[in-house]
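Letter by letter, the sequence shown follows residues 32 to 296 in the working numbering.
Cβ atoms here follow ideal geometry from the backbone N, Cα and C, with glycine treated the same way.
A short worksheet on the structure shown next.
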Amino acid sequence: MKKVGKRISGRSSQIIGRKIFRYKRVNSTQDKAKKFAKKGLAEGTAIIAEIQTQGKGRLGRRWVSPKGGIWVSIILRPEITSMETPKITMIGGLAVAKAIAELFRLEAKLKWPNDVLVRTIPGSEFKKVCGVLTEALSGAGRVNYVITGLGINVNNRMPPGLRDTAVSLKEATGSNLSRQKLLRRVLEKFDKYYLDFKKLGMGPILKECKRISAVLDREVKIECVDEVIEGKALDIDEYGALIVETDEGRKRVVAGDVTILSKIL
Ligand code: BT5
C-alpha cells in the first residue's frame, strides 16, 4: 500500500482531510475508502487517486476518471439514519460549488440530487463539472459509516461522448489549474459545512443549496427507478428530497435523474 499521510488540507480543517492517503491508480477510491472504514479509520480520512480504472457513478454507472481530475472519497461517521444520506451529498456538492466559485470566479450551480454545474460564459449552457456519490453502510437503524466521493473535472479533457453535458474546469476557464489548491479549498469547505451540520442541522446548508439550485422553479423531468415524473420543481426538503408540482398534485422525490426542460438562466 502506498501511503502518504501528508496533510494538505491546511490547519483550518478539524475533521475532513486531516489524514489523506494518495494513490497513483486504484479501481475506485470509494472501494478503498470502504475497506479503510471497515478497519476503523478515523472520520474525515480522505482517499485520493490520480487515475481510477473503475470510477463509479450512481446505480452502477461508470465515472470517467483519467489523470488531471480530482477523484477523492471521504470517510464519515455522522449520527444519521440511512434515509438522511442525501444530506451528506448536499454538503459535499455545496463544498465543491463554493470552492469553485471562490477560486475561479465561475458561477457554480447545484443540480439535484448530486451534480455541480458550471458554464464558460454568461448565457452559455451549464454543464456537469462534478458528481457526488454517497454510499452508506447501515445497521440497527443508524448509519455505521458513509463514504462520500467527489469527482471533479479539473485539467482533464472530456471525452467526445460526454462533451455535450460535461465540462472540466480547464475547459471552462481556458487555463491549467492547481488541483492542490482546489482540493485544499474543497476539503476546508466540506469541513466547515459538516461542522455546521453537526451543530445546527441542515438549516443554513439547505438555504444555501436552494439559493444556487439549478432546478428550483424549473420545469423538470425526473427519471426514477420505477417512474418518470414531470412538473415544476418547487422545493428541496430538509431530507434532500425534491418537491415537484405535477398534474396529479405534489410529489416528493428522493432520487432520480433530472432533465431540466426550461433553460437555466
Ligand atoms: C455521479 O454519478 O455523478 C457520481 C460520480 C462520483 C465520482 C466519484 S470520483 C471519486 C469517487 N470514486 C468513485 O468511484 N466515484 C466517486 P451519476 O449521477 O450516476 O452520473 C454518472 C454519469 O455521469 C455517467 O453515466 C456519465 O453520463 C456521466 N459522467 C461519467 N464520467 C463523467 C465525468 N468525468 N464528468 C462528468 N460526467 C461524467
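By DSSP's criteria, residue i is part of a beta bridge. Which residues make up the other side?
i      : result
Val174 : Ser169
Arg56  : Ile82
Trp102 : Ala80, Gly182
Lys263 : Glu250, Glu276
Buried or exposed: residue i, going by 16 or more other Cβ atoms within 10 Å of its Cβ?
i      : result
Ala73  : exposed
Val259 : exposed
Lys223 : buried
Ser104 : buried
Lys220 : buried
Asp146 : buried
Leu125 : buried
Thr196 : exposed
Ala139 : buried
Gly48  : buried
Quick check on DSSP: helix, strand or coil for residue i?
i      : result
Phe157 : coil
Glu297 : Summary: the structure shown does not reach residue 297, with the chain confined to residues 32 through 296, and so no result is reported for it.
Leu226 : helix
Val127 : helix
Ser113 : helix
Thr204 : helix
Gly91  : helix
Val147 : strand
Glu196 : Residue identity differs from the one stated: residue 196 is Thr in this sequence, not Glu. Reduced to three states, the DSSP call for Thr196 is coil.
Lys37  : Since pLDDT at Lys37 reaches only 48, below the 50 mark, its modelled position is unreliable, and no value is offered.
Determine the contact status of residue i and residue j, defining contact as a CB-CB distance below 9 Å.
i      : j      : result
Leu208 : Ala130 : no
Thr151 : Val163 : no
Arg215 : Glu133 : no
Leu218 : Ser44  : yes
Lys142 : Val256 : no
Rounded to whole angstroms, how far is the Cβ of residue i from the Cβ of residue j, which I believe are closer than 8 Å?
i      : j      : result
Ile106 : Ala68  : 5 Å
Ile183 : Val127 : 6 Å
Ile46  : Tyr176 : With 8 Å as the limit, Ile46 and Tyr176 do not qualify as a contact, their Cβ atoms being about 13 Å apart.
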